[in-house]
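What follows is one structure encoded as structure tokens, with my remarks underneath.
Residue numbers (the working numbering): 5 to 173.
See below:
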């Protein structure tokens with residue numbers, strides 16, 4: 005009876021020593037109480053996609069230079085309604101023949117309720133003749149959904165010497 009009692013008292017004494025508030029032996033005191041901390045705000049990043057970096061491989065192609073210019077003149081702008089939205093059709097007149105890669109490129113930050121495009125083309129590197137206006141006429145189109153048109157009141161297409169715009173009725 006004396007041995008179990010002595011063992012019990014020894015265990016109680018050892019365990020009571022762990023109960024000190026600042027004791028390193030007490031496992032519940034190994035970490036302090038929680039405190040509020042500021043979080044670092046980061047952008048939403050998909051961890052499955054590699055992040056862009058300035059490092060390029062030695063065999064990587066250089067990004068192509070933008071050789072496009074604004075078409076000389078915008079001759080016509082039409083917006084045709086469709087069941088799913090609209091088609092913007094623009095007719096431009098180039099300074100000389102041979103223009104290619106015709107596109108309506110969106111303009112950044114045109115304004116509230118305005119949808120603006122630049123009528124851009126690329127000329128061949130070799131000189132070409134001017135030719136007639138009919139031979140220099142270029143057509144470009146772009147489709148828009150009803151959702152894209154929801155807040156738009158004005159559509160504008162810019163050229164080098166002029167611009168044409170169409171307002172919603």
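Note that the Cβ used here is the ideal one computed from N, Cα and C, for glycine as well.
In the three-state reduction of the DSSP assignment, residue 150 falls in the helix class, which pools H, G and I.
Per DSSP, residue 62 lies in no beta strand (DSSP E) segment and is marked neither H nor E.
Just measuring C-alpha positions, the residue of 14, 173, 115 and 108 sitting nearest residue 143 is 108. DSSP places residue 106 within a strand segment (E or B) once states are collapsed to three.
Here DSSP, grouped into helix, strand and coil, assigns residue 82 to strand. Exposure of residue 80 is indicated by the presence of fewer than 16 other C-beta atoms within 10 angstroms of its C-beta. The C-alpha of residue 162 is placed about 13 Å away from the C-alpha of residue 98. Under the 8 Å Cβ criterion, the stretch 144-159 counts as touching the stretch 83-90, having at least three qualifying pairs. Annotation: residue 137 to residue 66 spans about 37 Å, alpha carbon to alpha carbon. The criterion of a C-beta distance shorter than 8 Å is satisfied by residue 165 and residue 77. By the neighbour-count criterion, in which 16 or more other beta carbons inside 10 Å mark a residue as buried, residue 70 falls on the exposed side.
Minimum Cα-Cα distance from residue 123 among the listed residues 117, 131 and 104 corresponds to 104.
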